[in-house]
Every structure is written in C-alpha cells, then in structure tokens.
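>
Protein chains: 2
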Amino acid sequence: MTMVKALTDAALAERIFTAVADASSDAPGVSRESYGAGETRALEIIAEIAAENGLTCETDAYGNLWMRLPEDSRREPPVVIGSHLDSVPHGGNFDGLAGVVAAMMVLIRTRPYYDDAPPLRALALRGEESAWYGKAYIGSLALLGKLPPNALDLHHRNGTGTLGEAMSHIGIDTHAIRAGHAVLEPKDISAYLELHIEQGPVMVARNWPITVVTGIRGNVRHNTVHCIGEAGHSGAVPRWLRKDAVLAMAELLSRMDEHWRVLLQMGMDLVMTSGICTTATDSHAVSVIPGDIRFSLEIRSQDAATMERFYDLIRQECRAIETSRGVSFAFDQRIDTAPATMDTGWITRLEAAAHRLSLPLESIPSGAGHDAAVFANAGIPSAMVFVRNDHGSHNPFEAMEIADFLKGVDLLAEAVHVPG
Amino acid sequence: MTMVKALTDAALAERIFTAVADASSDAPGVSRESYGAGETRALEIIAEIAAENGLTCETDAYGNLWMRLPEDSRREPPVVIGSHLDSVPHGGNFDGLAGVVAAMMVLIRTRPYYDDAPPLRALALRGEESAWYGKAYIGSLALLGKLPPNALDLHHRNGTGTLGEAMSHIGIDTHAIRAGHAVLEPKDISAYLELHIEQGPVMVARNWPITVVTGIRGNVRHNTVHCIGEAGHSGAVPRWLRKDAVLAMAELLSRMDEHWRVLLQMGMDLVMTSGICTTATDSHAVSVIPGDIRFSLEIRSQDAATMERFYDLIRQECRAIETSRGVSFAFDQRIDTAPATMDTGWITRLEAAAHRLSLPLESIPSGAGHDAAVFANAGIPSAMVFVRNDHGSHNPFEAMEIADFLKGVDLLAEAVHVPG
C-alpha cells in the first residue's frame, strides 16, 4: 500500500513538473515571466491539475492562486503552504514550482484525515523573482499590502513597459496595490510554510536530502566602494611613495576574509562577497600604478547584529588602510535587507515529524531570500524545508531528485497533520 | 665671473627649451612624434642653435643629429653625451630634450680646454618613445644595428602608416635598418652619458636636485593572469564551499605585497604593480560569487636575479592558493626586459666630480627605461644623471627647475673634463 502511494505521488509530481516545463520552455531552460505569459500558463496548468484532483481553486485580487479541500469549511485561520510560479529568464523548472507542487500534494495527501489537521491552503504566488522588474517578492508584498507604490513604475528588464502595466494587462487592480490594500492580514493565517530547492551546494556536499531552514539571511550591500589612490609610473615610484588602490583593496578584502574565517569558527552566521571589481578601463595600464578601483561589497547573515558588527569592522579596516596607504575609500549608499527568523515552534514540529518518519533532518540557513521572509517579517509564524539540488538555481541545470522532493512532501504532511 | 657664466648658461638653456616647446606645442603640452614633424622641427632648432654656438652638426643615416667642436680633430673613440628629442603625445617639454640641451652645453662649456678632456660628441636621438609605434628605443637600437626588422612594420598609434613608411618619408634608408646595418659599433665610442629628468617622485620627496643613476630596472610582465574560481549565489554558498576568484587574487597580491616589503628591508631593489584588474563585465554581479578575475602583473628590478626569485615566489604562492582555495591561475605569455647596469667607473667619476663641486649627489635606480640601457646592454660603458622633476613625465605638468638642470650640466662637464 505504501509502495503504491509512493509510486502514485512520484507519477503525479513528475506529471506536473513536466506539464509546466513544457508550457514555459524557452531553451535553454524555462522562462516564466512575473505577471507575464509563462507564469499565467503555469497557474492555469496548476489549477487544471488541482481541479482534476478534487481541489477547489480561487484566484485572489492580485492574481495569486489559492487551493483548498472543498469539504473543509472551517473558518479559523489556515496554515498556508506555498511558493511562487515565476522563474528567471532561461531558468530552472524547480525554483518556486517545487514548493507549489508540494503544497498541492500535501493537501491531497492529508485529505482522508483533514479534520485532524489545522485548516490548510495551498498558495501559488506570482512575481517572486527580481530578474524581470528589479524587485523581488512582489506577489507576497502586494498580498500583505506592503509593496512600495513606486515599484509599480519599475520598468521591465527590456526597458519596455512597467510592472503596473503588466499587472493591469492581466486584470489586477493596481490602484488597490498602490493604495496598499492587503488581500490578507497577518492574523488571517496561522502559519506560512514553504518548500524550496536549496540554491547553494551544501546539501549535495553533505549528502542531506532535506533540511529545515533556521532563518533567512538579510544583507547589507554597497554596489560600489571607490578606492582612490594615486596613479604613477610603475617603474619609477618606490613602494614608500605609492598610493596603490588595488593593493589597498586587496589588503581590505584579505583582512576581512580572515576576520570572516575567525567569526565562523566562533559559530557566527556570515557570508561576504565582492562580486564586482574593476580598475578604470579608460586609464588603467600594465605599467601604471592603479590610481583607483571600484568594487562591490555584500555581507549576509541570519543575525542583524552580526552583520552590523562585521560592517563596522569593514569601515574600521578601511580607516586603518587609508592611514597606512594614503588612499581613501568612498562608499555609495548602503542598502539593507533585514534577515527573517523562522518560527521555532514550526521548526520543532518539523523536527519531531522527521523523527517520527525516521528521516534525518539537518538544519541550514537560507542565504537566498524567499517569500517566507516577507510573511515572517509581517509577524506570521513561518518555516521552510529545503530539498537537495545540484548546480544552484536560476539556471537550466538545477537538479532535484523526485525521491528527495517526496521526502519533503512527507515531512510537511506529517508536520501539519500531527501538531507538535 | 662665475655669476655671469651662470646667467648666460641659464639664458641659453631657457632659450632652447622655449624655442623647441613653441615649435612643438600641441595643447595641452607638446607633441614631437617619433620620425614625425615635431621631432624633425626640434632637430632643426637644435642644429641651428648649435651652429650659432660654433658647433659642427651632422645627421647620420638614420636621422640622428651629432654635434662636435670643429677644432677637435682627434680620432680616438669619443665620449657621447645624448638623449632623445621625441615626446609622447601631449607630453612634457623636458623628457628627452633636457638631455640633448645638456649635451650641447657641456660641449660649449668645455671648449676652452677641450684637449684636456676625451673627445666629446653631443647626440640628439630620434624615436625613443613607445607611444607612437608601440616600440621604444628605436633610434638607439637602429644606430647599433639591433632594431628587430619587424619593428618597421609596426603601425602608428592612429592605425595609419607604419614606422618604416615614416622613416622613408624623411629619407632614412629602411633597407639598411632592416638588414641590421649599424651606424655605430660599440667599439666606436668610449662611453655614453645621459642626463634625464626623474620620472618618479623620489627626488622631490627627498629634496635631491641631482642624482646619479645606479642602474636601469628591467621588468617581467604578464599582461593577463586569469584567476578561475567558481561562480555561485552570494548568499547560499558557505565559505568552505566557495572558490572566490577575487578573494584568491586579493590573497595573492597581499602576500606578495608583504614579501615585497620584507625584501626592500633586506636592501633589494624591487617594485611590483598590478595595474589592471577586472571581473567579467558580462556576468559579474553584486550577488554572485566572482568566478573569475583577470589582472596584470609587473615586477621591476635593477637585478635580474632578484626579479627571477620574486617571480618564482609569485608562482609558488599561486600554487599554494590554488590548493587552499580551489581556484586556478592561468598566466599568459611572460614578457621580459633585461635590466641594464650602469658603469661603475663612470659612476665613480661622477661622484668624484660632485665632491669637487661640493654638490651633494645621492644615487637612485631608474625605474623607467632609457636609451642608456640600449648602449649599456651593447657593452658600452654608460651612466646617467637624473634631475629633480615634479609630477612625473609623459604629461604637460613636468616641472624641472633650470637651477637643478644647470647643476646636472656642471656635474657632467666636470666629470668629462677631469678623468676619475
């Protein structure tokens, strides 16, 4: 009986993944544009298959799809399980979609004993990816009345229409969004749960099929730090008279890299990245001491205080290097994204469920942002389950095994069914 | 009497500098193109003023101007004092020209007692700057039959004609150059002396009006070192799974910077520069771990063994970082320029002359290349005197005081007059 169910689940999952991939294929990979055709087609397919499986579907005022058991007429705030249906251009099929499919399957799976569990809803959100309009979590922010009105004026990555125009085109009331009208108040739902593929390599490296997410890292960014030194003849200026911007940046990054290593050993959660780094292309030369360099800085942590302390350390090291090397560091506007805390009650429930199912369950921070962070920061108890995935996300080479995915579905079904 | 002579010398020097500057003005600065109009005009002005002052002028087969005292009929190999007349585009007036004016003035100054000194020639070379055809020391290399034949096929920086065409246009026999015919064999001259402005900031910083050059630094270059790591999500990949190319480069440069500092303390002559440094502009992003970076590397020293040892150290550190960080460093073709040793006999003569004149004379390496390196590497005893100059060279802001320049002329005249 268990064997038959597993086969059926795998077949259903495969069928949905294949149908949505086929409908949004854009070689290489898939393209499901936020509030665009591919996302809309994915919503339609999900709704069709949900209906075939006896679920009731409803689209809210902002275009998101809600699914429920028609026989469950309870009015208390439900547990919402969901994720998003959009993808980046030429992205992978599982980022977002896996969480929506999992939500449907938990509803179907728990149907026979639904009234032992809290009321459940499956939610397919639109507009999570920032790749199309430069803004992430559009769907969940609008849902909670928290989308900044000027986001509607953001232009499509191709420079064509705006987000607001794309929304209006599919019948969404953008005046309501602009006015901050919420579809959902935080008190209307009791929890938000999301399954997602891991976007990093840890679970493959550690051989962990599923994990529970401890928190979603926030970040502090400077798109451009400008280190200004002094250009000079590479042969004729001795070390003591140089103001070499590249060596100053190298010293800063090396010092911070070492501090980072030590802080990790102390048990802190932290990552640091300088992804962009360029000397001045109109004047740099092999035989000229670099007079300036521009580089980006990003730090992420689950803990706001850790980020703040590490950020202060960066600024202190800059001042020390300014003094020792005669350079200056000019920082552009600091951009902050707050970390999100996952609900300890739901983490405990997921761990207890894993124990009952004899599934090993390690925990891991989420380095990438998710709609779950929006719900958590609105005060809604939120939790996430990650599924092992090779090759990262946002590319056509995402590799999630269906067997791992079904372990995630098993875990969510068990956790919502038997309260912790 | 001394006072009158000094005034006269200053007036003559000012007159020549002004006449050549006016004739090659190209705001901002001056342009005296190698084998082009500005350089030719400068040669004509120098020849006119030399003739007015009783010197005999002769142009050799490759367009360089030679000046001598008509009464000096001695046939033994002369001491040649010279420099070049070309400039970079929109360059300064003193780089090169100062050495030619000094050579003329030494001839004029020593005239009353010329037969107490060795035979002397003043030489105004063409084609020293690489800015026009991408090749430096054209004039001195051709003179010694050492210009690589394919240099004649190099295109002008504007992409128009070739070096060979420019030479032919002013009557130079390029077939002879291509065949490696020397105007001058090393045995034909007994020494080559050159006065030049300092192109670095050391003499201004140290308050040294003139210095004797200990040697001319050679260099080892890689135009591009490609550090290859692995791109990844800046939030989702922990430190232990990263292959961050920027942090790997930062560690390499920081390690080498520290080794450099220590080697200087040990008394070695060395400079190191990474003037170009860029992540991949088509794929880098603030939130992507940099998967690669390209950077240039240049080391210079008066001592070939020091360069070789430091170069080996770079390659060793790369291997260590490859192992510890999972990146790889790919080096493009290594480009070598040999250092040149200045003649200890002539350095001693210059030091003795300075002592007799009560001029303080510190010594300094030349970080930039000079025609003197070509003569020295052909086996001709060579020496250089640097004159204090602010703001570096190759720009309109060169700032040499005539008083400092005349100290250099005094020193050369004393050194050639009274043998060491």
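Protein sequence lines correspond, in order, to chains A and B.
Residues in the first sequence are numbered from 995 upward in steps of one, following the numbering used here.
Residues in the second sequence are numbered from 995 upward in steps of one, following the numbering used here.
Each residue gets a CB set at the ideal place from its N, CA and C atoms; glycine is no exception.
1) Does A:Gln1193 come within less than 8 Å of chain B when only Cβ atoms are used?
2) Listed from N- to C-terminal order along the chain, which residues in the stretch 1274 to 1302 of chain B have their beta-carbon within a distance smaller than 7 Å of any beta-carbon of chain E?
3) For the 8 Å Cβ check, are there 3 or more pairs between the stretch 1087 to 1099 of chain A and the stretch 1184 to 1202 of chain A?
4) Quickly, what does DSSP pair B:Leu1291 with across the bridge? List them, please.
5) Along chain B, in chain order, which residues have C-beta atoms closer than 7 Å to that of A:His1227?
6) Near B:Leu1405, what residues of its chain come up, given a Cβ to Cβ distance below 8 Å and the 5 sequence neighbours on each side ignored?
7) With DSSP as the reference, please indicate the residues paired to A:Ala1334 in a beta bridge.
8) Looking at the structure shown, is B:Ile1204 part of a helix, part of a strand, or coil, going by DSSP?
9) Would you call the stretch 1274 to 1283 of chain B and the stretch 1262 to 1280 of chain A touching, i.e. three or more CB-CB distances under 8 Å?
10) By alpha-carbon positions, which one of B:Ser1376, B:Val1410, B:Arg1236 ends up nearest to B:Asp1286?
11) What's the gap between the Cα of B:Ala1160 and the Cα of B:Leu1187?
12) Using 8 Å as the limit for Cβ to Cβ distance, is A:Trp1126 near chain B?
13) Among the candidates A:Asn1389, A:Asp1398, A:Lys1401, whose CA atom is the shortest distance from the CA of A:Pro1022?
14) Should B:Ile1315 be flagged as near chain A, meaning a C-beta pair shorter than 8 Å?
15) Could you pull out every residue in the same chain whose Cβ sits closer than 8 Å to the Cβ of A:Glu1245, ignoring the five residues on either side in sequence?
16) Is it buried or exposed, A:Ser1018, if we count other Cβ atoms within 10 angstroms and call 16 or more buried?
17) Drop a sphere of 10 angstroms on the beta-carbon of B:Trp1234, count the other beta-carbons inside from all chains shown, and report buried for 16 or more, exposed for fewer.
18) Is A:Thr1104 close to chain B? Criterion is C-beta to C-beta, closer than 8 Å.
19) Buried or exposed for B:Gln1296, going by 16 or more other Cβ atoms inside 10 Å?
20) On a Cα-Cα basis, can you pick out the residue from A:Ile1374, A:Asp1182, A:Pro1083 that is closest to A:Asp1020?
21) Whose CA, out of A:Ser1290, A:Val1214, A:His1175, lies closest to the CA of A:Phe1304?
22) Do A:Val1177 and A:Asn1087 have their C-beta atoms closer together than 8 Å?
23) Report the CB separation of A:Asp1365 from A:Ser1077 in whole angstroms; it is logged as a contact under 8 Å.
24) Alpha helix (DSSP H) containing A:Phe955: first to last residue?
25) Run through the stretch 1128 to 1208 of chain B for me and flag every whole alpha helix (DSSP H) of 4 or more residues, listed as ranges in chain order.
26) Pick helix, strand or coil for B:Leu1400, following the three-state DSSP scheme.
27) Just reading off the alpha helix (DSSP H) that B:Trp1060 is part of, what are its end residues?
28) Please name the residue in A:Ala1111, A:Arg1255, A:Ser1376 whose C-alpha comes closest to that of A:Thr1335.
29) If we call anything under 8 Å between Cβ atoms a contact, is B:Val1073 one with B:Pro1112?
30) Could you check whether A:Pro1143 and A:Arg1120 sit closer than 8 Å to each other, using their CB atoms as the reference points?
31) Measuring only between beta-carbons, confirm whether B:Cys1271 sits less than 8 Å from chain A.
32) Which of the three DSSP states is assigned to B:Met1378 in this structure?
33) Give the interface partners of A:Leu1114 over in chain B, defined as CB-CB distance under 9 Å, in chain order.
34) With DSSP as the reference, label B:Glu1395 as helix, strand or coil.
35) Would you mind giving the Cβ-Cβ distance between A:Ile1164 and A:Gly1057, rounded to the nearest angstrom? I have them listed as a contact below 8 Å.
36) Does chain A have any CB closer than 8 Å to the CB of B:Gly1414?
Quick look at the numbers:
1) yes
2) In the displayed structure, chain E is absent; the protein chains listed are A and B.
3) yes
4) B:His1216
5) Gln1193, Gly1194, Gly1361, Ala1362, Gly1386
6) Take B:Leu1405, set aside five residues on each side of it, and the residues of its chain with a beta-carbon closer than 8 Å to its own are Ile1204, Leu1344, Ala1347, Ala1348, Leu1351, Leu1353, Leu1355, Val1379, in chain order.
7) A:Ile1210
8) strand
9) yes
10) B:Arg1236
11) 28 Å
12) no
13) Per the Cα distances, A:Asn1389.
14) no
15) Ile1315, Arg1319
16) buried
17) exposed
18) no
19) Classification of B:Gln1296: buried, given that the 10 Å Cβ count is 16 or more.
20) With distances taken between Cα atoms, A:Asp1020 lies closest to A:Pro1083.
21) A:Val1214
22) no
23) 7 Å
24) One cannot answer for residue 955 of chain A here, as it falls past the ends of chain A, which runs 995 to 1414.
25) 1132 to 1137, 1157 to 1163, 1168 to 1172, 1196 to 1200
26) In the three-state scheme derived from DSSP, where H, G and I count as helix and E and B as strand, B:Leu1400 is classed as helix.
27) Careful: B:Trp1060 lies outside any alpha helix (DSSP H), inside the beta strand (DSSP E) at 1059 to 1062.
28) The shortest C-alpha separation from A:Thr1335 is found at A:Ser1376.
29) Yes, Cβ-Cβ distance for B:Val1073 and B:Pro1112 is below 8 Å.
30) no
31) yes
32) strand
33) Within chain B, no residue comes near A:Leu1114; the closest Cβ sits about 29 Å away, beyond 9 Å.
34) In the three-state DSSP reduction, B:Glu1395 falls in the coil class, being neither helix nor strand.
35) 6 Å
36) Only weak support is given to the placement of B:Gly1414: the predicted model assigns it a pLDDT of 49, under 50, and the value that follows is read from those uncertain coordinates. Answer no: the Cβ-Cβ gap between B:Gly1414 and chain A never drops below 8 Å.
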